[in-house]
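*Asks:*
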Amino acid sequence: MSHESGTLIADLKESLTQQRYNRVAIHNYCRNADYFLRHLSERGIVLEAVTPEEVSKYLRLAVRRFRKRHGHPPAPSWTSIPRSGIHALLRHALKSWPPEPTATDAGERICREVCDHYQTWLREERGLAEASIYALMWEAKHFCSWYTKRSAIVGFTELSVPEIDAYMDMRAPGLTRRSLKDVAERLRGLLKHLHRTGHTATDLSPHVIAPLLYAYEGIPSALNPDQIAAVLETTSKDRSPLGLRDYAILQLLAVYGLRSGEISRVRLEDVDWRGDVLRIRHSKTGARSVLPLLEPVGEALIAYLRHGRPETDVREIFVRTRAPYVPMVRIYSEVRRRIEAAGIELSGKRGPHIFRHARAVSLLRAEVPRKVIGDVLGHRSTESTIPYLKLATEDLRAIALEIPGAR
Numbered sequence: 055m056s057h058e059s060g061t062l063i064a065d066l067k068e069s070l071t072q073q074r075y076n077r078v079a080i081h082n083y084c085r086n087a088d089y090f091l092r093h094l095s096e097r098g099i100v101l102e103a104v105t106p107e108e109v110s111k112y113l114r115l116a117v118r119r120f121r122k123r124h125g126h127p128p129a130p131s132w133t134s135i136p137r138s139g140i141h142a143l144l145r146h147a148l149k150s151w152p153p154e155p156t157a158t159d160a161g162e163r164i165c166r167e168v169c170d171h172y173q174t175w176l177r178e179e180r181g182l183a184e185a186s187i188y189a190l191m192w193e194a195k196h197f198c199s200w201y202t203k204r205s206a207i208v209g210f211t212e213l214s215v216p217e218i219d220a221y222m223d224m225r226a227p228g229l230t231r232r233s234l235k236d237v238a239e240r241l242r243g244l245l246k247h248l249h250r251t252g253h254t255a256t257d258l259s260p261h262v263i264a265p266l267l268y269a270y271e272g273i274p275s276a277l278n279p280d281q282i283a284a285v286l287e288t289t290s291k292d293r294s295p296l297g298l299r300d301y302a303i304l305q306l307l308a309v310y311g312l313r314s315g316e317i318s319r320v321r322l323e324d325v326d327w328r329g330d331v332l333r334i335r336h337s338k339t340g341a342r343s344v345l346p347l348l349e350p351v352g353e354a355l356i357a358y359l360r361h362g363r364p365e366t367d368v369r370e371i372f373v374r375t376r377a378p379y380v381p382m383v384r385i386y387s388e389v390r391r392r393i394e395a396a397g398i399e400l401s402g403k404r405g406p407h408i409f410r411h412a413r414a415v416s417l418l419r420a421e422v423p424r425k426v427i428g429d430v431l432g433h434r435s436t437e438s439t440i441p442y443l444k445l446a447t448e449d450l451r452a453i454a455l456e457i458p459g460a461r
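Here the sequence shown is numbered in the numbering used here, starting from 55 and rising by one per residue.
1) Is the segment 396-405 touching the segment 280-288, taking contact as three or more C-beta pairs under 8 Å?
2) Along the chain, where does the beta strand (DSSP E) that runs through I334 open and close?
3) Per DSSP, R342 forms a beta bridge with which residues?
4) Which complete alpha helix (DSSP H) runs does the segment 243-295 hold, if anything under 4 residues is left out?
5) Measure the CB-CB distance between Y386 and S314 and report whether it falls below 8 Å.
6) Rank E184, E349, P227, T71 by C-alpha distance to the C-alpha of P364 and give the top, closest one.
7) Should the segment 125-132 be called in touch with the segment 158-173, which here means at least 3 C-beta pairs below 8 Å?
8) Could you pull the DSSP bridge partners for P381 from this structure?
9) Going by the C-beta, is H81 closer than 7 Å to any heavy atom of the ligand MG?
10) Suppose you measure from the CA of A414 to the CA of S59; what does that come to, to the nearest Å?
11) Taking the C-alpha atoms as reference points, what is the distance between M191 and R166?
12) On the three-state DSSP scale, how would you describe R97?
13) Report the option in V389, H93, C169 whose CA atom is closest to the CA atom of I282.
14) What's the C-alpha gap between I140 and V208?
15) Quick check on the burial criterion: 16 or more other C-beta atoms within 10 angstroms. Buried or exposed for A276?
16) In whole angstroms, give me the CA-to-CA distance for K111 and V117.
17) Between L306 and L312, which are expected to be in contact by the criterion C-beta below 8 Å, what is the C-beta distance as a whole number of angstroms?
18) Shortest alpha-carbon distance to L258 belongs to which of A264, L266, T251, R242?
19) Are A238 and A264 closer than 8 Å when you measure CB to CB?
20) Quick one, which of N278, T230, Y172, D223 has its alpha-carbon nearest L244's?
21) Any idea what DSSP makes of V109, helix, strand or coil?
22) Just the C-alpha distance for E108 and L66, rounded to the nearest angstrom, thanks.
23) So the alpha helix (DSSP H) P136 belongs to, where does it begin and stop?
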């Protein structure tokens with residue numbers, strides 16, 4: 055091992071230790087990273103020039119060596135450890151891995167330039183939340199890639215209404231009317247940007263045809279109180295670190311009706327234990343709320359922080375249960391898994407938002423003013439609270455008026 059490689063492996067070991075990887079994983083990662091560095095040195099390849107293809111080539115070579123040494127091929131999952139070690143090395147040394155795919159032609163380069171500029175504009179000029187940027191950029195990249203592959207002209211100067219119609223027809227199968235309308239809105243945003251930046255001569259956004267939706271026509275999914283109690287009770291029986299974390303998340307959802315992104319961003323300093331308050335940064339509006347730290351939530355957080363949360367330097371409360379112990383980005387899968395574990399079958403959506411809907415209904419039934427409900431849920435306008443009124447169907451039946459002549 056060269057001095058430079060030895061230093062790199064030592065730095066990698068220290069980094070993995072700080073991320074709280076266990077000793078066995080650190081040993082295996084560093085050993086496989088060292089083997090890979092020797093492989094590169096023998097072939098005169100510098101680390102900065104490594105590509106995903108080079109990693110795959112090395113792993114195929116490692117499989118052949120295993121077969122030659124043991125007389126049989128390794129298990130299908132055998133390459134996961136050397137691959138993880140190599141990726142850890144490359145992330146540590148190069149700071150960005152895997153690299154962005156290289157554009158193979160002029161069309162792809164223009165597509166990437168447009169998307170990069172659009173993303174910067176969404177973030178810096180419009181100041182959108184990351185979740186909104188992610189959704190808009192997914193559609194933008196999807197459309198640009200689709201159009202570039204079917205167009206013989208480089209760029210978007212010849213983009214026309216028939217191509218837009220064809221794209222919407224391609225996206226339509228399997229989508230609900232609401233989802234297809236969302237696609238249309240995201241596509242309009244991109245088309246406006248293409249015109250604003252001179253890539254198209256006219257603004258084509260008005261020509262995007264979307265389904266007509268009536269205001270408040272759909273009824274959001276929501277859990278009833280018995281179902282919420284069942285989910286909480288089932289999860290509370292899991293005293294593992296994973297169970298303690300998920301139970302604390304579910305308490306935040308059930309008690310406050312927070313958005314999933316707001317829960318992911320709750321930091322240690324947002325909990326004022328002396329003042330019994332919880333500070334929340336609302337993801338959509340950017341506003342901040344100070345909520346009372348109610349006993350069930352406080353107890354769940356304490357149990358997780360004391361007995362479930364791994365040691366880590368990150369300030370976000372909720373982190374992965376396996377190294378690297380980084381903040382959770384999404385909680386959808388965890389919530390859905392806990393709902394299913396409680397034996398609850400839902401016909402509609404079954405993610406974190408159904409707890410938010412349920413909380414809104416409980417506040418409505420408690421005759422809490424709409425303005426206060428909006429403040430609790432982090433709504434910018436009371437109009438955003440109106441859809442939840444539809445969920446209190448039993449309450450609406452109680453005040454229904456008889457129709458003269460109806461049987």
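C-beta: ideal position from N, C-alpha, C; glycine also.
*Replies:* To lay it out plainly:
1) They touch, by the three-pair rule.
2) Run containing I334: 331-335, per the beta strand (DSSP E) assignment.
3) For R342, DSSP records a beta bridge to R335.
4) With a minimum length of 4 residues, the continuous alpha helix (DSSP H) runs that stay inside the segment 243-295 are 279-290.
5) Between Y386 and S314, the CB-CB gap stays under 8 Å.
6) P364 has its Cα closest to that of T71, out of E184, E349, P227, T71.
7) Contact fails between the segment 125-132 and the segment 158-173, because fewer than three Cβ pairs, one in each stretch, are under 8 Å apart.
8) BP columns for P381 point to V373.
9) Of ligands this structure carries none, so the ligand MG is not represented either.
10) Here the C-alpha atom of A414 lies approximately 58 Å from the C-alpha atom of S59.
11) Their Cα atoms are separated by approximately 11 Å.
12) Here R97 sits in coil by DSSP.
13) Just measuring C-alpha positions, the residue of V389, H93, C169 sitting nearest I282 is V389.
14) CA-to-CA, the gap between I140 and V208 works out to about 38 Å.
15) Buried.
16) Distance between the alpha carbons of K111 and V117 is about 10 Å.
17) The beta carbons of L306 and L312 sit about 5 Å from each other, so the pair counts as a contact at 8 Å.
18) It is R242.
19) With contacts defined as CB atoms closer than 8 Å, A238 and A264 qualify as a contacting pair.
20) Looking at the Cα atoms, Y172 is the closest of the given residues.
21) V109 sits in a helix when the DSSP states are folded into three classes.
22) A direct Cα-to-Cα measurement between E108 and L66 gives close to 20 Å.
23) P136 -> alpha helix (DSSP H) spans 134-148.
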